[in-house]
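Working notes for the structure below.
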Amino acid sequence: MENIEKLSLPEIPLYTYDRKTKQRFFLEHMLDLFDHHVHQSAEFNIMMSSVNYRKQNIQSIEDLPFIPVRLFKMFELASVSRDQVVKTMTSSGTTGQAMSKIFLDKQTSSLQTRILSRIVSSFVGSTRVPMIIIDCESTVKNRNQFSARAAGITGFSLFASKRVFALNDDMSLNVEGIKQFLAENKGKTIFMFGFTFIIYQHFYLELLKSSQKFDLSNSVLIHGGGWKKLISEAVGNSTFKAHLKLVCGLNRIHDYYGMVEQTGTIHMECEFDHLHTSEYSDIIVRDSKDFSVSKNGEEGIIQLLSLLPISYPGQSILTEDIGTVLGEDDCKCGRKGKYFKINGRIKNAELRGCSDAYGESFGRN
Amino acid sequence: MHMEKVLEEIEFLIGDKFELVEELLDQPSHEVFSDDTFNFLSDISKLLLNSTRIKNYPDVATFAFYCRKANLNGIKRTHDTDSVYRIGRGLLFHITPGNVPVNFAYSLFAGLVTGNINIVRVPSKNFEQVSLIINTIKTVLLNERYKSIFSKRLYIVRYNRDSSATAFFSALCDVRLIWGGDNTINEIRKSPIPPKSTEVTFSDRYSISIINAKSYSKHSDKEKVAVDFYNDTYLSDQNACTSPQTIYWFGSKLEVECAQKEFWEMLQLTLQEKQFVLQPILSVDKLTTFFAQAIYYRDIEKDSQVSNEIWRVKNGSVHRDIDLFKCSSGYFNEVIVSSLDELLPVVNRKYQTIGYLGFTKNELENWVRRSNPLGIDRIVPIGRTMDFGLIWDGHDLTSNLSRTIVIS
Numbered sequence: 049m050e051n052i053e054k055l056s057l058p059e060i061p062l063y064t065y066d067r068k069t070k071q072r073f074f075l076e077h078m079l080d081l082f083d084h085h086v087h088q089s090a091e092f093n094i095m096m097s098s099v100n101y102r103k104q105n106i107q108s109i110e111d112l113p114f115i116p117v118r119l120f121k122m123f124e125l126a127s128v129s130r131d132q133v134v135k136t137m138t139s140s141g142t143t144g145q146a147m148s149k150i151f152l153d154k155q156t157s158s159l160q161t162r163i164l165s166r167i168v169s170s171f172v173g174s175t176r177v178p179m180i181i182i183d184c185e186s187t188v189k190n191r192n193q194f195s196a197r198a199a200g201i202t203g204f205s206l207f208a209s210k211r212v213f214a215l216n217d218d219m220s221l222n223v224e225g226i227k228q229f230l231a232e233n234k235g236k237t238i239f240m241f242g243f244t245f246i247i248y249q250h251f252y253l254e255l256l257k258s259s260q261k262f263d264l265s266n267s268v269l270i271h272g273g274g275w276k277k278l279i280s281e282a283v284g285n286s287t288f289k290a291h292l293k294l295v296c297g298l299n300r301i302h303d304y305y306g307m308v309e310q311t312g313t314i315h316m317e318c319e320f321d322h323l324h325t326s327e328y329s330d331i332i333v334r335d336s337k338d339f340s341v342s343k344n345g346e347e348g349i350i351q352l353l354s355l356l357p358i359s360y361p362g363q364s365i366l367t368e369d370i371g372t373v374l375g376e377d378d379c380k381c382g383r384k385g386k387y388f389k390i391n392g393r394i395k396n397a398e399l400r401g402c403s404d405a406y407g408e409s410f411g412r413n
Numbered sequence: 142m143h144m145e146k147v148l149e150e151i152e153f154l155i156g157d158k159f160e161l162v163e164e165l166l167d168q169p170s171h172e173v174f175s176d177d178t179f180n181f182l183s184d185i186s187k188l189l190l191n192s193t194r195i196k197n198y199p200d201v202a203t204f205a206f207y208c209r210k211a212n213l214n215g216i217k218r219t220h221d222t223d224s225v226y227r228i229g230r231g232l233l234f235h236i237t238p239g240n241v242p243v244n245f246a247y248s249l250f251a252g253l254v255t256g257n258i259n260i261v262r263v264p265s266k267n268f269e270q271v272s273l274i275i276n277t278i279k280t281v282l283l284n285e286r287y288k289s290i291f292s293k294r295l296y297i298v299r300y301n302r303d304s305s306a307t308a309f310f311s312a313l314c315d316v317r318l319i320w321g322g323d324n325t326i327n328e329i330r331k332s333p334i335p336p337k338s339t340e341v342t343f344s345d346r347y348s349i350s351i352i353n354a355k356s357y358s359k360h361s362d363k364e365k366v367a368v369d370f371y372n373d374t375y376l377s378d379q380n381a382c383t384s385p386q387t388i389y390w391f392g393s394k395l396e397v398e399c400a401q402k403e404f405w406e407m408l409q410l411t412l413q414e415k416q417f418v419l420q421p422i423l424s425v426d427k428l429t430t431f432f433a434q435a436i437y438y439r440d441i442e443k444d445s446q447v448s449n450e451i452w453r454v455k456n457g458s459v460h461r462d463i464d465l466f467k468c469s470s471g472y473f474n475e476v477i478v479s480s481l482d483e484l485l486p487v488v489n490r491k492y493q494t495i496g497y498l499g500f501t502k503n504e505l506e507n508w509v510r511r512s513n514p515l516g517i518d519r520i521v522p523i524g525r526t527m528d529f530g531l532i533w534d535g536h537d538l539t540s541n542l543s544r545t546i547v548i549s
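If you read the protein sequences in the order shown, they are chains P and B.
So for the first sequence, my numbering puts the first residue at 49; every next one is plus one.
So for the second sequence, my numbering puts the first residue at 142; every next one is plus one.
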């Protein structure tokens with residue numbers, strides 16, 4: 049228990065630490081977190097000894113080991129006993145694919161909510177506002193299955209004074225609902241939230257087809273998750289923004305980058321289209337050739353670090369996304385910390401040799 | 142099944158679209174290793190070897206070399222059929238793998254030399270090697286004599302995975318050859334073949350290398366060993382059934398560590414020379430496989446190698462089910478052992494090839510005869526694991542693809 053108390057995080061004003069301060073703060077907490085997981089998760093312990101992890105050899109966060117996200121699909125990794133698990137989150141894998149399983153205890157779960165709320169507030173303000181959720185209500189109704197989508201909607205609903213679902217349960221547009229909601233909240237700032245692909249597919253494309261026009265120029269949209277599907281349809285971030293502005297006048301749109309394995313510490317996109325780390329998370333881009341740290345401006349595989357995962361060893365993970373760190377502490381928006389962009393997913397392998405279709409054995413989806 | 146409809150889905154790369162199945166089924170088989178077939182193959186070989194494009198494709202060159210007259214005569218000598226009369230089983234349906242361009246040619250080779258009529262399905266992907274070989278065969282077929290003999294015995298086709306062509310050909314064939322992957326085999330087996338017909342399958346396999354540390358350290362040409370090992374592994378992204386996944390080192394800890402150091406350094410140099418490029422996702426795959434294996438075995442350790450091109454995984458003991466942790470493009474398990482018998486509990490039915498260095502053929506043969514391992518179909522020197530032969534994967538193709546007529 050002593051250990052857990054040590055893991056409690058101080059409240060820091062967000063986006064204010066410069067590199068030196070951040071590194072000192074972050075490394076100290078990370079090392080405690082590593083200690084905790086090494087002691088509480090047998091699997092994590094064995095993984096760390098297999099790569100000769102020694103606390104005393106770690107000079108900077110770049111020296112910390114990382115585990116691939118796919119492991120959360122292959123193993124049930126937890127650092128608390130099962131009776132302390134209050135919520136099990138799953139990645140939004142489609143049918144037949146392996147899903148990540150993330151085990152949350154009370155502490156981690158409330159930490160996630162707290163940090164998420166602080167990060168989002170710093171962009172949309174901390175007063176509650178009317179909220180339009182671009183999804184259907186049934187997504188959050190199924191309480192047994194806590195999907196990433198449901199978690200996102202529930203998490204972001206903290207900012208809602210009242211809310212409406214923009215989609216019916218069959219994913220068609222809830223035109224009447226939106227109309228009424230806009231009429232009731234005329235003149236107020238409206239907060240909108242949804243998953244990128246769903247917004248594009250079921251909101252944008254539907255509005256484009258219909259003669260219905262909404263004026264959402266007074267709204268803020270926050271969206272995330274699911275660029276991989278859009279990138280395959282060649283819809284980039286700027287296209288996405290331009291399209292939405294065209295159909296409903298939306299001009300404040302913030303993408304965010306986060307993973308179900310590190311819920312809470314999302315990376316919000318600023319006014320200059322850059323994704324930002326906060327004091328509670330960090331990003332390292334690595335060269336696939338040897339996992340060495342790539343220079344700022346160079347593309348590589350993204351490693352994510354977060355101080356929130358206490359009930360499961362997800363504090364340092366290697367994603368299957370590629371991106372680039374653009375800079376640190378000097379974004380024009382004024383926020384301190386690293387800022388970066390995501391360039392998509394790592395390409396599937398094309399292998400020679402007679403073995404079967406690639407990827408099935410390790411459930412990559 | 143409507144034949145006309147099925148035929149519409151099929152692209153005939155070689156052979157005219159037939160109108161009646163009788164055109165296929167009424168063709169008599171030929172005797173195994175006939176002169177006509179040998180001449181036909183050796184003309185293909187000559188034309189291929191003269192092609193300017195062949196320089197870019199060592200795999201095609203190897204095939205062309207394999208079809209030389211001298212090699213064909215050698216094959217005939219080793220597979221002596223004089224005492225019995227063997228002819229082809231009839232109609233062969235070959236399903237070849239999607240990611241080994243030249244594999245279809247070897248399958249066709251086996252079908253032709255055994256006197257059969259062949260329908261060969263080639264990968265849907267347009268490999269240059271496939272078109273090079275196909276165009277060469279077409280040119281040779283312009284010869285009137287070959288045309289009259291082979292035009293109704295040789296069909297190379299291409300069709301979509303979901304086409305009913307697989308079911309159609311399966312229902313007709315005397316032998317179905319499925320070049321693997323377990324999933325492919327299971328899928329294709331949903332289409333029945335006639336009761337009397339047989340099947341030759343090449344399923345997912347696991348292969349290993351065995352190296353005597355002392356012999357390696359004394360080896361005079363370590364550069365050649367590295368190139369040989371490269372050919373066994375990286376040349377096919379360590380993803381062929383013959384590619385070694387685990388290396389068993391024989392010797393004392395000190396001897397082995399000394400040999401390992403040099404072995405892997407030489408391989409790293411070879412990788413640079415060959416300009417091998419590791420695909421980024423493979424780095425993630427290797428790390429994932431490694432941690433999964435660590436959780437499972439608890440006595441493994443990553444070697445200090447920094448580059449992701451070569452991943453060495455030290456195993457503290459012999460693991461019976463190490464074939465569960467297969468990766469590709471340079472992921473090697475290493476185990477120190479002191480006798481071949483330590484491999485016996487390991488080499489299950491899935492095991493195919495052992496590539497060896499520092500053992501005599503004699504001691505390996507004695508070991509096999511003494512212990513009758515559950516698996517292992519081939520034991521060949523390092524560098525020769527990819528060499529094709531008519532005995533492949535434990536199947537003697539000459540006898541599997543032919544029938545013997547007994548006259549007494």
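For every residue, glycine included, the Cβ atom is placed at its ideal position computed from N, Cα and C.
Nothing here was measured: the structure is a model prediction, and the numbers come from that model.
- Your pair PHE466 of chain B and GLN446 of chain B does not check out as a contact, with CB atoms roughly 17 angstroms apart and the cut at 8 angstroms.
- Under the 8 angstroms criterion on CB atoms, GLN420 of chain B is classed as interfacial with respect to chain P.
- LEU159 of chain P is positioned such that its CB atom lies no closer than 8 angstroms to that of ASP183 of chain P.
- By the Cβ-count criterion, ALA251 of chain B is buried, with 16 or more other Cβ atoms from all chains shown falling within 10 Å of its own Cβ.
- The residue among P:GLU59, P:ARG197, P:ILE332 with its C-alpha nearest the C-alpha of ILE247 of chain P is P:ARG197.
- Under DSSP, the beta-bridge partners assigned to ASN353 of chain B are B:PHE391.
- When the alpha-carbon of GLN260 of chain P is set against those of P:LEU366, P:LYS227, P:SER205, the nearest one is in P:LYS227.
- Secondary structure in the segment 303 to 375 of chain B: the alpha helix (DSSP H) runs of 4 residues or longer, each lying completely within the stretch, are 306 to 313, 323 to 329, 354 to 359, 363 to 373 in chain order.
- Apart from sequence neighbours up to five positions away, the residues of its chain that approach LEU154 of chain B with a beta-carbon distance below 8 angstroms are VAL263, ILE275, ILE297, VAL298, ARG299, ordered along the chain.
- When only Cα atoms are considered, GLU319 of chain P and GLY272 of chain P end up about 16 angstroms apart.
- For ASP338 of chain P, the chain B residues whose C-beta falls within less than 7 angstroms of its own C-beta are VAL447, SER448, ASN449, listed in chain order.
- Taking 8 angstroms as the threshold, the shortest C-beta distance from VAL225 of chain B to chain P does not fall below it.
- THR255 of chain B and LEU515 of chain B do not touch by the CB rule: their CB atoms are close to 29 angstroms apart, not below 8 angstroms.
- Under the criterion of beta carbons closer than 8 angstroms, LEU355 of chain P and MET147 of chain P do not qualify as touching, at roughly 25 angstroms.
- Beta-bridge partners of LEU366 of chain P (DSSP): P:PRO116, P:GLN351.
- Considering only B:GLU150, B:MET144, B:ASP315, B:ASN212, the residue with the shortest C-alpha distance to LYS337 of chain B is B:ASP315.
- Annotation: Cβ neighbours of ALA397 of chain P in chain B (cutoff 7 angstroms, chain order): GLN420, ILE422, LEU423.
- Near chain P, meaning a CB-to-CB distance below 7 angstroms, no residue of the segment 187 to 207 of chain B qualifies.
- Rounded to whole angstroms, the Cβ separation of ILE115 of chain P and PHE432 of chain B is 6 angstroms, and the two are in contact under 8 angstroms.
- A straight line joining the alpha-carbon of GLY345 of chain P with that of GLU483 of chain B spans about 51 angstroms.
- At a cut-off of 8 angstroms, the C-beta of SER348 of chain B has no neighbouring C-beta in chain P.
- Within the segment 362 to 374 of chain B, no residue has its Cβ closer than 8 angstroms to any Cβ of chain P.
- Between the alpha carbons of ILE180 of chain P and ARG162 of chain P lies a distance of about 21 angstroms.
- When the beta-carbon positions are compared, ASP369 of chain P and ILE350 of chain P come within less than 8 angstroms of each other.
- Each of P:LEU269, P:LEU112, P:ARG72 was checked against the Cα of ILE365 of chain P, and the nearest Cα belongs to P:LEU112.
- One Cα belongs to LYS121 of chain P, the other to ASN93 of chain P, and the distance between them is close to 18 angstroms.
- Cβ-Cβ distances below 6 angstroms link TYR328 of chain P to ILE163, THR313, LEU355 in the same chain, with the five nearest sequence neighbours on each side left out; the list follows chain order.
- Residue state for ASP184 of chain B is assigned as helix, using DSSP reduced to three classes.
- Within its own chain, the residues whose Cβ lies closer than 8 angstroms to the Cβ of VAL308 of chain P, once the five positions on either side in sequence are excluded, are MET137, THR138, SER139, SER140, SER148, ILE150, ALA196, ALA199, listed in chain order.
- The segment 58 to 69 of chain P makes contact with the segment 384 to 400 of chain P: 3 or more CB pairs, one atom from each, lie closer than 8 angstroms.
- Counted as a single uninterrupted DSSP element, the beta strand (DSSP E) harbouring CYS184 of chain P occupies residues 177 to 184.
- Against chain B, the CB of LEU119 of chain P has a partner CB under 8 angstroms away; the residue lies at that interface.
- The CB of PRO361 of chain P never comes closer than 7 angstroms to any CB in chain B; the least such distance is about 11 angstroms.
- Proximity of MET122 of chain P to chain B, defined by a Cβ-Cβ separation below 8 angstroms, is satisfied.
- Just so you know, the alpha carbons of SER543 of chain B and ARG227 of chain B end up roughly 6 angstroms apart.
- For ILE532 of chain B, not one C-beta of chain P is nearer than 8 angstroms to its own C-beta.
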